[in-house]
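Every letter in the sequence shown is one number past the one before it in the UniProt record's numbering, and letter 10, counting from 1, is 10.
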Amino acid sequence: MSLTQKATVYGAVHENALNDVLQALIAARPAYVTFSSATMQPIQLPGIGGVDWEVSFTDVHVELGQGDVHLTSSLDLKVQLPAGPKDINLAVVATAHPEAIGDVLTFRLDALELVDITPDSLESLLEEVIKALLGGFLAQVQIPLRNLLPPSVPLRLAGAPVIADDQIKIYANVT
């Protein structure tokens, strides 16, 4: 226990590895970061009918520091209107923190900011919608710690995950 000073098992993930895993997850499961009327209902507008739409997070990048997870991403919004398709790209900056729920590591969204949207009321509205989408994505990112060791070695977290030195650090005890 002298290495960790508080637990029998120590594990850490560097932000570079986290970005590699995130990119692999997005490549393997693009539905986690893309929402559209192909899988959900089109937006119903009077006189037009159903408007097809798609929202996707692209260029997702994670930085670890100051006890938080900092996410940057582009958000692409595409809408199929009668006059033709329209799309917009928004820069998204978000802050989250890791949480341990039982033996599962997950992330909770703390704040989100869209860059340079006017008027402020439109920015606030879009931020709330995007918070819901990004919060839904983060809720799907779950890392079960029991899968890191053989099933015969049960782990119990010794505390909340710690972010320091560009890493998420986890301390656990073998029970």
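The beta-carbon is built from N, C-alpha and C at its ideal position, and this holds for glycine as well. Source: prediction; values computed, not measured.
Beta-ladder partner(s) of residue i, from DSSP
i: residue 226; result: Past the edges of the chain, shown from 1 to 175, lies residue 226, and the structure says nothing about it.
i: residue 144; result: 104
i: residue 136; result: Its beta-bridge partners do not exist; DSSP assigns none.
i: residue 94; result: 71, 112
i: residue 13; result: 168
i: residue 99; result: 106
i: residue 163; result: 168
i: residue 6; result: The partner list for residue 6 (beta bridge, DSSP) is empty, contrary to what the question assumes.
i: residue 86; result: 79
Length of the line joining the Cα atoms of residue i and residue j
i: residue 125; j: residue 36; result: 19 angstroms
i: residue 139; j: residue 110; result: 13 angstroms
i: residue 121; j: residue 14; result: 38 angstroms
i: residue 146; j: residue 129; result: 34 angstroms
i: residue 162; j: residue 77; result: 35 angstroms
i: residue 23; j: residue 6; result: 33 angstroms
i: residue 54; j: residue 81; result: 12 angstroms
i: residue 117; j: residue 87; result: 15 angstroms
i: residue 174; j: residue 26; result: 32 angstroms
i: residue 114; j: residue 166; result: 24 angstroms
i: residue 142; j: residue 52; result: 31 angstroms
i: residue 100; j: residue 10; result: 15 angstroms
i: residue 136; j: residue 64; result: 20 angstroms
Cβ neighbour criterion (16 or more within 10 Å) applied to residue i
i: residue 17; result: exposed
i: residue 93; result: exposed
i: residue 48; result: exposed
i: residue 2; result: Annotation note: pLDDT 47 at residue 2 (below 50); position unreliable, no value reported.
i: residue 150; result: exposed
i: residue 98; result: buried
i: residue 159; result: exposed
i: residue 172; result: buried
Which parts of the region 20–84 are runs of the alpha helix (DSSP H), unbroken and 4 residues or longer, counting only runs that do not cross its ends? none
Between the region 24–34 and the region 65–72, are three or more C-beta pairs nearer than 8 angstroms? No, the region 24–34 is not in contact with the region 65–72.
Taking 8 angstroms as the cut-off, does the region 152–161 touch the region 41–52 (at least 3 CB pairs, one atom from each stretch)? no
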